[in-house]
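Below is one structure, written out as structure tokens, with a few remarks after it.
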Amino acid sequence: MAFLKTKGIIIKEVNTGEADKVVTIFTESKGKISAYARGARRPKNSLTASTQFLCYSDFVFFSGKEMYSINSCRLIEHFYNLRNDIIRLTYSAYFAEIINDVVQENEPAMSLLKLFLNSLYLLAAGKHDPRFIARVFEMRLLVLSGYSPDVRGCMACSGTDLDNVSFSFESCGFLCSNCSQTDKSSYKLSPAAARAIQYIAFSDSDSLFGFRVSESVLNELEHVFGRYLSERLEKKYTTLDFLKTIT
Ligand SMILES: [Zn+2]
Numbered sequence: 001m002a003f004l005k006t007k008g009i010i011i012k013e014v015n016t017g018e019a020d021k022v023v024t025i026f027t028e029s030k031g032k033i034s035a036y037a038r039g040a041r042r043p044k045n046s047l048t049a050s051t052q053f054l055c056y057s058d059f060v061f062f063s064g065k066e067m068y069s070i071n072s073c074r075l076i077e078h079f080y081n082l083r084n085d086i087i088r089l090t091y092s093a094y095f096a097e098i099i100n101d102v103v104q105e106n107e108p109a110m111s112l113l114k115l116f117l118n119s120l121y122l123l124a125a126g127k128h129d130p131r132f133i134a135r136v137f138e139m140r141l142l143v144l145s146g147y148s149p150d151v152r153g154c155m156a157c158s159g160t161d162l163d164n165v166s167f168s169f170e171s172c173g174f175l176c177s178n179c180s181q182t183d184k185s186s187y188k189l190s191p192a193a194a195r196a197i198q199y200i201a202f203s204d205s206d207s208l209f210g211f212r213v214s215e216s217v218l219n220e221l222e223h224v225f226g227r228y229l230s231e232r233l234e235k236k237y238t239t240l241d242f243l244k245t246i247t
């Protein structure tokens, strides 16, 4: 029988049978996989603690004919602080939903896994505004998954002045004030928002979250990334809408 040993984080869980679960795991070595967790809903089962939503663990799987099944796992991080705060939990669920849509089965995606884990660690630490973490997560995820807008400068004339650029949803990138005049889809950006977008697209992953923006820039980024993400991934994400009813 073939075994697979890899680290991974649970991004979805579905109950099945009397006490079992089928979990979707974003793993280091295989990208997204589904796995059967036998007995994982029994309180004293050895898999119970490590197969909850968002648990990051070291897994050993049996490779079955149709699906992996979890043989054993050792919990690395349970992100407890995300579970006891409804706002942070909602953002985590939003990140996990997008990750589930973007990551392919059996295709490793280490840079996306690192982005996902870093975003969860920052959310759990509670030092950053979750809205800021979400915007950086959205834009960087688009870049890493091949949906990057062209934000080096004006796409039409190659001008690099960021003080008067718009984001064109039609052309998928920046246009200067001259070149955007006939583009009805373009959205005028403040210089700070244009620089923030460029920073998220091109910074090293280690310093990705190392900048700050004002409330009004966050609003601009939310407008641009929300629409761009939903157009590129062809899906309307409504998970965060719930927060508007409680904040
Ligand atoms: Zn131009």
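Residue numbers 1 to 247, in our numbering, belong to the letters of the sequence shown in order. Beta carbons: idealized from backbone N, C-alpha and C, even for Gly.
- Runs of the alpha helix (DSSP H) lying entirely within the segment 114-151 and spanning at least 4 residues, in chain order: 130-144.
- Between ligand 1 and the CB of Gly159, the shortest heavy atom gap is smaller than 7 Å.
- Taking the CA atoms as reference points, Ala19 sits about 7 Å from Arg38.
- In the displayed model, Ser216 falls within a helix according to three-state DSSP.
- Each of Thr51, Glu28, Val217 and Ala2 was checked against the Cα of Lys21, and the nearest Cα belongs to Thr51.
- Contact between Ala35 and Ser57 does not hold, since their C-beta atoms are separated by about 11 Å, which reaches or exceeds 8 Å.
- A straight line joining the alpha-carbon of Ser171 with that of Val103 spans about 25 Å.
- Straight through space, the alpha carbons of Leu122 and His128 are spaced by roughly 7 Å.
- Set against 7 Å, the gap from the CB of Leu162 to the closest heavy atom of ligand 1 is not smaller.
- The Cβ atoms of Leu221 and Thr90 do not sit closer than 8 Å to each other.
- Between ligand 1 and the CB of Ala109, the shortest heavy atom gap is not smaller than 7 Å.
- For the segment 153-212, the full-length beta strand (DSSP E) segments reaching 3 residues or more read 165-168, 173-176 and 186-188 along the chain.
- Apart from the 5 residues on each side of it in sequence, Cys55 sits with its Cβ closer than 8 Å to the Cβ of Ile9, Ile10, Ala49, Leu75, Glu77, His78 and Phe79 in its chain, given in chain order.
- Bounds of the beta strand (DSSP E) holding Thr6 are Phe3 to Thr16.
- Remark: C-beta atoms of Met139 and Ala201 approach each other more closely than 8 Å.
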